[in-house]
Structures are given as structure tokens and as C-alpha cells.
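Colleague: Take a look at this one; I'll ask things after.
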Amino acid sequence: MAQQPVWLRDVVTSHLPSEMLQASPKGTVPVLIFTDSTVIDESLDIMLWASLP
């Protein structure tokens, strides 16, 4: 809906990528990382962001 390019990445939760942990130390998935280094790491917040006009 947001018509934004995305990079989908499969992760094994017991072996999280270091880039993801640097962006979001909570280690939860999903994580949305913007080019300005802003991070959204809550599913509901990501869904709300995606539904914005």
C-alpha cells in the first residue's frame, strides 16, 4: 500500500544479523529501517506506517 521499495530478508531468530541488532537491539522481527536510520520495530507501528496515504 505504501508503494515503497523493500528488502525482505529471512532471519533465524536464534542467529539474528548484526545489522538488525545494531538498528534494533530488542531483536524482534519485523524491523523497518529507513534510509535516515529511523527504526520502527513494532508490528502494529509498521502496519500503521504502511497504511498512511
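Residue 1117 in the working numbering is what sits at position 41 of the sequence shown, and the numbering runs on without skipping anything.
All C-beta atoms, glycine included, are put in the ideal place defined by N, C-alpha and C.
1. Straight-line CA distance for L1084 to L1092?
2. Helix, strand or coil, according to DSSP, for L1097 in the structure here?
3. For the putative contact between S1100 and D1117, defined by C-beta atoms under 8 Å, what is the C-beta separation to the nearest angstrom?
4. Once DSSP output is grouped into helix, strand and coil, what is the label at L1128?
5. Check L1120 in the structure and name its three-state DSSP category.
Modeller: Let me spell this out:
1. By 1-based counting over the sequence shown, the position of residue 1084 is 8. By 1-based counting over the sequence shown, the position of residue 1092 is 16. Rounded to the nearest angstrom, the two C-alpha atoms are 14 Å apart.
2. Stepping through the sequence shown from its first residue, residue 1097 is reached at position 21. DSSP places L1097 in helix when its eight states are reduced to three.
3. One-based indexing of the sequence shown puts residue 1100 at position 24. One-based indexing of the sequence shown puts residue 1117 at position 41. Contact flag correct, Cβ pair sits at about 4 Å.
4. By 1-based counting over the sequence shown, the position of residue 1128 is 52. Residue state, collapsed to three classes: coil.
5. In the sequence shown, residue 1120 corresponds to position 44, counting from 1. Reduced to three states, the DSSP call for L1120 is helix.
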